[in-house]
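Trainee: If you scroll down you'll find the structure; I have some questions about it.
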Ligand SMILES: Nc1ncnc2c1ncn2[C@@H]1O[C@H](COP(=O)(O)OP(=O)(O)OP(=O)(O)O)[C@@H](O)[C@H]1O
Ligand SMILES: [Mg+2]
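Chains as they are written, first to last, in my numbering: chain A, 1 to 245; chain B, 246 to 542.
Here it is as structure tokens:
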């Protein structure tokens, strides 16, 4: 059997960063500089917080990664692909490698929890059998088995965010990016969402979470990227971060 | 398999989209019906007039009455000249005896017997000229009029020219009207699909976020426009087929249009209506999708 002779499965570039920015800058058409000289790298399986005051450039940073916008300077690489050179037709493929979650959940109000999750599979041409198998599995992963038939309006904020997280995971993405996922949630629910993201990270997914919540950042003892006025002013592990704040 | 899923997804979403904003969709469909009805009427009238024209064309010829005292040699000269004229197919000499025989035939056909009352009536001798090109009648007549021994020249050229003029006017006016209504239809469809795109904006945003390809985002809207065209043309085809019964005999008798009897004519007309409806629907929604979905990623 030839497979016995092969080395254990291991992608050739396993050590290469899954997200990297080199000298990245973003200047909006109105002249506003939202990011400048940002250099950062995240390896596969990392968990990092992205912090900074309002207007520091966190959302801009995230929009670069999903190629909702392009850097006006420098190079952004995600999952081995240079986003500055990426053709328009390749963007959907990129987006399937990255799950995204937002403060406002972005669920479709007329669809149930299960339908919202299934929608992400339908619109990417997944076979029916895949949808039937994957949706319940994801809902149970995020703890929503009993709510699959409910509409978003019948859910708490935390449950809505869990639905959004389940939807973000439908394509088994390498990266999960969350922009203020706890911004609309009370402290207890926020903690539950953080625990869920940690659990997803433990399964091997790289997680980047932008947040204002100092308490969570301090308690989690994870890597912290701090932006201020568009510059990356700190990139430290949790211990160093705690010593300073 | 992948394509079937894509096609199924697009068709289902187009259908849902059509009924989601039913008022707009039905209004757009109604304008399609209006436009295609005008097109059908134009098509029928022009087809009728064209076959009327063909009928006259087959009858258009030049009849040359010869003088009684024209010697045979003079006649032969005129025949040779006539045969050499452009647009002339055949030249046949009809003697007075033959002319009388034809008159008798005509009476018999009408169920009567020609009664000359014993008199020895003498008819003209003439040349009957058929044409390869119906519009050459006037020039042939003019050329032959110069011969001595030509008494009088008869053609159906004036009737032919008049009908040709009518057809050209109707065709031009019809194309202008149908074209203007067609532009209105296009705007209706563009607007309907634009509203459909806006009403689905949250879904489109999520589709982009989760990595749906452009074709999954666009085709449902294109098909929604095609659906307006499809339903509109089917309604028109059914309506035309329903009123075709009373129209058909008119086409045959008034316009001398034997082709109207065959089911082929209706089939051709239906095909024209269907193609126009689908084409307008696709074009309108394509324009809409291009201008309202293109910029964002
Ligand atoms: N489309 C835009 N055009 C011009 N300026 C913009 C645009 N989007 C963002 N900005 C500016 O860029 C800067 C960074 O914005 P960004 O949304 O990335 O900040 P943020 O860190 O996410 O803030 P918050 O914590 O309030 O969400 C801000 O000063 C903002 O006003
Ligand atoms: Mg933000």
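Just so it is clear, CB atoms sit at the ideal spot from N, CA and C, and this is done for glycine as well.
Starting from residue 391 of chain B, trace the alpha helix (DSSP H) in both directions and tell me its first and last residue.
Mentor: Residue 391 of chain B -> no alpha helix (DSSP H), and no H or E assigned at all.
Trainee: Mind checking the region 253-274 of chain B against chain A and listing, in chain order, the residues whose C-beta falls within less than 7 Å of any C-beta there?
Mentor: 254
Trainee: Out of curiosity, what's the CA-to-CA distance linking residue 303 of chain B and residue 379 of chain B?
Mentor: Rounded to the nearest angstrom, the two C-alpha atoms are 8 Å apart.
Trainee: Please list the segments of the alpha helix (DSSP H) lying wholly inside the region 268-308 of chain B, counting only runs of 4 or more residues, in order along the chain.
Mentor: none
Trainee: Using a cut-off of 9 Å between C-beta atoms, extract the partners of residue 250 of chain B located in chain A.
Mentor: 122, 125, 126, 127 and 128
Trainee: List the residues that DSSP assigns as beta-bridge partners of residue 167 of chain A.
Mentor: For residue 167 of chain A, DSSP assigns no beta-bridge partner whatsoever.
Trainee: With three or more beta-carbon pairs closer than 8 Å as the criterion, would you say the region 352-359 of chain B touches the region 277-284 of chain B?
Mentor: no
Trainee: Leaving out five residues before and five after residue 528 of chain B in sequence, what residues of the same chain have Cβ atoms less than 7 Å from its Cβ?
Mentor: 431
Trainee: Give the DSSP bridge partners of residue 209 of chain A, in chain order.
Mentor: A/49 and A/178
Trainee: Taking any Cβ of chain A, which residues in the region 453-487 of chain B have a Cβ under 9 Å from it, in chain order?
Mentor: 453, 454, 455, 456, 457, 458, 459, 461 and 462
Trainee: May I ask you to report which of helix, strand or coil DSSP gives residue 107 of chain A?
Mentor: coil
Trainee: Mind checking which residues open and close the alpha helix (DSSP H) that includes residue 508 of chain B?
Mentor: 508-538
Trainee: If the cut-off is 7 Å on Cβ atoms, which residues from the region 94-118 of chain A count as contacting chain B, listed in chain order?
Mentor: 95, 96, 100, 106 and 108
Trainee: For residue 99 of chain A, is the classification buried or exposed, using 16 other Cβ atoms within 10 angstroms of its Cβ as the cut-off for buried?
Mentor: buried
Trainee: Compute every distance between the C-beta of residue 52 of chain A and the non-hydrogen atoms of ligand 1, then say whether any falls below 7 Å.
Mentor: yes
Trainee: State the DSSP-derived secondary structure class of residue 356 of chain B, mapped to helix, strand or coil.
Mentor: coil
Trainee: Along chain B, in chain order, which residues have C-beta atoms closer than 7 Å to that of residue 92 of chain A?
Mentor: 456, 457 and 458
Trainee: Name the DSSP beta bridge partners of residue 371 of chain B, please?
Mentor: B/310 and B/339, per the DSSP bridge assignment.
Trainee: Cα separation between residue 315 of chain B and residue 394 of chain B?
Mentor: 6 Å
Trainee: Does the beta carbon of residue 247 of chain B sit closer than 8 Å to a beta carbon anywhere in chain A?
Mentor: Flagged as an interface residue toward chain A: residue 247 of chain B, by a C-beta distance shorter than 8 Å.
Trainee: Using DSSP bridges, identify the partner residues of residue 42 of chain A.
Mentor: A/19
Trainee: Taking only the alpha-carbon atoms, compute the straight-line gap between residue 237 of chain A and residue 144 of chain A and give it to the nearest angstrom.
Mentor: 33 Å
Trainee: Give me the residue from B/252, B/533, B/404 and B/308 with the minimum Cα distance to residue 375 of chain B.
Mentor: B/308
Trainee: Would you say residue 451 of chain B reaches chain A, if we count a Cβ-Cβ gap shorter than 8 Å as a contact?
Mentor: Output row for residue 451 of chain B: interface = yes.
Trainee: Is residue 367 of chain B buried or exposed, if buried means 16 or more other CB atoms sit within 10 Å of its CB?
Mentor: By the neighbour-count criterion, in which a residue is buried when 16 or more other Cβ atoms sit within 10 angstroms of its Cβ, residue 367 of chain B is exposed.
Trainee: Keeping to the same chain, check which residues put their C-beta closer than 8 Å to that of residue 8 of chain A; ignore five residues upstream and five downstream.
Mentor: Annotation note: pLDDT 43 at residue 8 of chain A (below 50); position unreliable, coordinate value reported separately. So the list is empty, once near-sequence residues are dropped.
Trainee: Using DSSP with H/G/I as helix, E/B as strand and the rest coil, what is residue 224 of chain A?
Mentor: strand
Trainee: Check whether the Cβ of residue 246 of chain A sits closer than 7 Å to any heavy atom of ligand 2, and report yes or no.
Mentor: Residue coverage of chain A in this structure runs from 1 to 245, which leaves residue 246 of chain A outside it and unanswerable.
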